[in-house]
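Going by UniProt numbering, the first residue of the sequence shown is number 1, and it counts up by one from there.
These notes concern the structure reproduced below.
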Amino acid sequence: MGIKMYKVMIFIDGTWLYRTLPRLAEQSGKGEFKIDYGVLPQVVARELAERLGVDPSGIDVVRNHIFASLPTNYDHLDEGLITRQNEFYKLLREDYHYDTELFNIDFRGRRVRQADRDPADSFQPREKCVDIALASKMLYQAAMPFGMDIAAAVLGDRDFTPVLQTVRQLGKRVLLVSVRSSCAQELADPEDRERVKDYDTLWMDDHIEELELRYEPQWLECQSPEHEGERRFQTTYRPRRGEPVYCDACRAAYAQRRVTSVVTSTYEDDDQIDYGPQAGLPVIGETLEGVVEFKKEDKGYGFVTTDDGMSFFFHLSDLEGLDFETLEEGREVVFEVKTLPVGGKAGAARDVRALEYEDEEEPLEG
1 MGIKMYKVMI FIDGTWLYRT LPRLAEQSGK GEFKIDYGVL PQVVARELAE
51 RLGVDPSGID VVRNHIFASL PTNYDHLDEG LITRQNEFYK LLREDYHYDT
101 ELFNIDFRGR RVRQADRDPA DSFQPREKCV DIALASKMLY QAAMPFGMDI
151 AAAVLGDRDF TPVLQTVRQL GKRVLLVSVR SSCAQELADP EDRERVKDYD
201 TLWMDDHIEE LELRYEPQWL ECQSPEHEGE RRFQTTYRPR RGEPVYCDAC
251 RAAYAQRRVT SVVTSTYEDD DQIDYGPQAG LPVIGETLEG VVEFKKEDKG
301 YGFVTTDDGM SFFFHLSDLE GLDFETLEEG REVVFEVKTL PVGGKAGAAR
351 DVRALEYEDE EEPLEG
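Below, the structure written as structure tokens:
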């Protein structure tokens, strides 16, 4: 007699889960917390097997669904932020095989983060369709004769009470996966008076260490044809399937060649251009102040923007006294101009370091 297989589908309220991250970070004692979405289904399967009293091999997670929103019509200063969000959902789809359903939120030209907006601006973005989409998908799968046996619902809002009740009425079982400080009482109730679940709640709080995305160093081989010396190097970067891997030195050399080629191709036949201050440009070697506008964490580079809107590329090897992993967007820095911004392309910076303010003397009273 073969092992009975339980088919499980995971349904994630991505907006709710994103809002819980600061609380998980607080519990873990860290400044931020990122979930390992490759590990999450494994934890669900193992914990569900324990609740059912079966071998983990009898749990088949057949589908992972995540429902979330994506800003649109936002301030151009948030372009980097939205790019990272798009890359995150692409990663979920292509590397972890999640089914992602995203719904636009119109920010009407405003900054995405409330902290970046004018305090006097009462605008509140309105998310639509996420809850309804999750509920609709869960009901559809519950109504399919052979779609799933168990729905693992990663959520915490009380609005989902009716859909969880209906899924159970359709003969399917429900495992609630939530966070204690972000779960509605109706769902968290250990007596389950609302009849929304079939098992004890799987609290993510109890599995923080396992669910945390960790960037442990690993050895990879640089695939650049121009690499010199030993090709193996250590990095915390996790390349995607089929993605070529390059060491920091080769990436920096490539980025510099791109900047140099733009300068050369744009101005090689024009000897009349004056790069002096009268042209509104700094000079190479000049020290400028700016703000880290964008940081590409997994690639090891970023951009600094000055007050007058000029943008400069920097690589992690260009940092002086700063740690790339902890460098935050919005950090004020000083740097030296390595190459000039031309043709709509960013320039390049070197010796990027923290901007330090000298203490101002307070005026004497009296």
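Built from N, CA and C at the ideal position, the CB exists for glycine as well.
Separation of residue j from residue i, as counted between CA atoms
i           : j       : result
Asp-307     : Asp-75  : 17 Å
Arg-353     : Gln-42  : 42 Å
Gly-312     : Leu-187 : Here residue 312 turns out to be Phe, not Gly, going by the sequence shown. In a straight line, the C-alpha of Phe-312 is about 50 Å away from that of Leu-187.
Ala-152     : Phe-11  : 6 Å
Lys-34      : Tyr-96  : 15 Å
Arg-125     : Glu-87  : Arg is not the amino acid found at residue 125; the sequence shown has Pro there. In a straight line, the C-alpha of Pro-125 is about 22 Å away from that of Glu-87.
Ser-224     : Leu-24  : 39 Å
Ala-68      : Glu-228 : 44 Å
Pro-22      : Glu-32  : 7 Å
Met-310     : Pro-341 : 7 Å
Ala-252     : Phe-314 : 9 Å
Gly-29      : Glu-212 : 12 Å
Glu-230     : Asp-248 : 13 Å
Ile-3       : Arg-195 : 29 Å
Asp-205     : Gly-156 : 13 Å
Val-262     : Ile-284 : No answer about Val-262 holds up, because its pLDDT of 46 lies below 50 and its placement is not dependable.
Cys-222     : Tyr-215 : 18 Å
Gly-290     : Val-337 : 11 Å
Glu-191     : Leu-176 : 14 Å
Glu-293     : Phe-303 : 6 Å
Ala-346     : Pro-282 : 13 Å
Glu-127     : Tyr-140 : 22 Å
Arg-350     : Leu-319 : 7 Å
Glu-328     : Glu-297 : 10 Å
Gly-109     : Arg-84  : 19 Å
Trp-203     : Ser-178 : 5 Å
Gln-185     : Arg-158 : 8 Å
Gly-14      : Ser-317 : 35 Å
Glu-101     : Asp-121 : 30 Å
Thr-266     : Thr-339 : In this predicted model, Thr-266 has a pLDDT of only 46, less than 50, meaning its place in the structure is not dependable; the value taken from the coordinates is given anyway. Those two C-alpha atoms are separated by around 13 Å.
Glu-332     : Gly-321 : 13 Å
residue 369 : Ile-132 : Outside the shown range of the chain (1 to 366) lies residue 369, about which nothing can therefore be said.
residue 402 : Phe-123 : Absent from the model: residue 402. The displayed extent of the chain is 1 to 366, so no value can be given.
Of the residues the options, the one placed nearest residue i, counting alpha carbons only
i       : options                               : result
Thr-161 : Asp-149, Pro-244, Arg-193 and Pro-145 : Arg-193
Val-154 : Arg-350, Met-9, Arg-46 and Gly-300    : Met-9
Trp-16  : Val-61, Glu-47, Leu-52 and Leu-134    : Leu-134
Asp-116 : Leu-211, Ala-346, Leu-77 and Glu-209  : Leu-77
Tyr-89  : Cys-183, Tyr-37, Asp-106 and Tyr-246  : Tyr-37
Asp-198 : Cys-183, Val-174, Asp-118 and Gln-218 : Val-174
Glu-79  : Tyr-6, Pro-56 and Arg-113             : Arg-113
Leu-220 : Asp-200, His-207, Pro-244 and Ile-208 : Pro-244
Val-61  : Leu-48, Ile-82 and Glu-210            : Leu-48
Leu-288 : Glu-325, Val-130 and Phe-335          : Phe-335
Thr-20  : Ser-181, Ser-136, Pro-217 and Asp-149 : Ser-181
Tyr-18  : Tyr-6, Gly-109, Tyr-246 and Leu-70    : Leu-70
Thr-72  : Val-44, Leu-91, Ser-178 and Asn-104   : Asn-104
Cys-250 : Ile-208, Thr-201, His-207 and Gly-300 : Gly-300
Val-44  : Glu-210, Ile-82 and Asp-121           : Glu-210
Asp-55  : Met-144, Tyr-6, Phe-324 and Ile-208   : Tyr-6
Met-148 : Pro-119, Ile-208 and His-65           : His-65
Leu-40  : Asp-323, Leu-170 and His-207          : His-207
Ser-57  : Ala-348, Arg-46 and Ala-120           : Arg-46
Phe-233 : Tyr-246, Pro-239 and Glu-226          : Tyr-246
Met-138 : Cys-183, Gln-169 and Arg-331          : Gln-169
Thr-166 : Phe-146, Ala-142 and Cys-183          : Ala-142
Glu-226 : Asp-323, Tyr-254 and Gly-330          : Tyr-254
As assigned by DSSP and simplified to three states, the class of residue i
i       : result
Gly-285 : coil
Ala-25  : helix
Asp-189 : coil
Tyr-208 : Rather than Tyr, the amino acid found at residue 208 in this sequence is Ile. Residue state, collapsed to three classes: helix.
Val-263 : Legend: pLDDT at Val-263 = 46, less than 50; position of this residue unreliable, value from coordinates given subsequently. Three-state result, Val-263: helix.
Tyr-215 : coil
Leu-319 : strand
Gly-31  : coil
Leu-170 : coil
Gln-234 : strand
Glu-329 : coil
Tyr-6   : strand
Ala-184 : coil
Val-245 : coil
Gly-58  : helix
Leu-91  : helix
Residue i - partner residues in DSSP beta bridges
i       : result
His-65  : Phe-11 and Asp-99
Val-337 : Ala-349
Thr-72  : Asp-106
Lys-296 : Tyr-301
Asp-78  : According to DSSP, Asp-78 bridges with nothing at all.
Gly-53  : Partner(s): none; Gly-53 has no beta bridge.
Val-44  : DSSP output for Val-44 lists no bridge partner at all.
Ala-253 : The partner list for Ala-253 (beta bridge, DSSP) is empty, contrary to what the question assumes.
Practice task
Note down, one range per segment and in chain order, each beta strand (DSSP E) of at least 3 residues found wholly within the stretch 102-161.
Solution key: Whole beta strand (DSSP E) segments, 3+ residues: 150-154.
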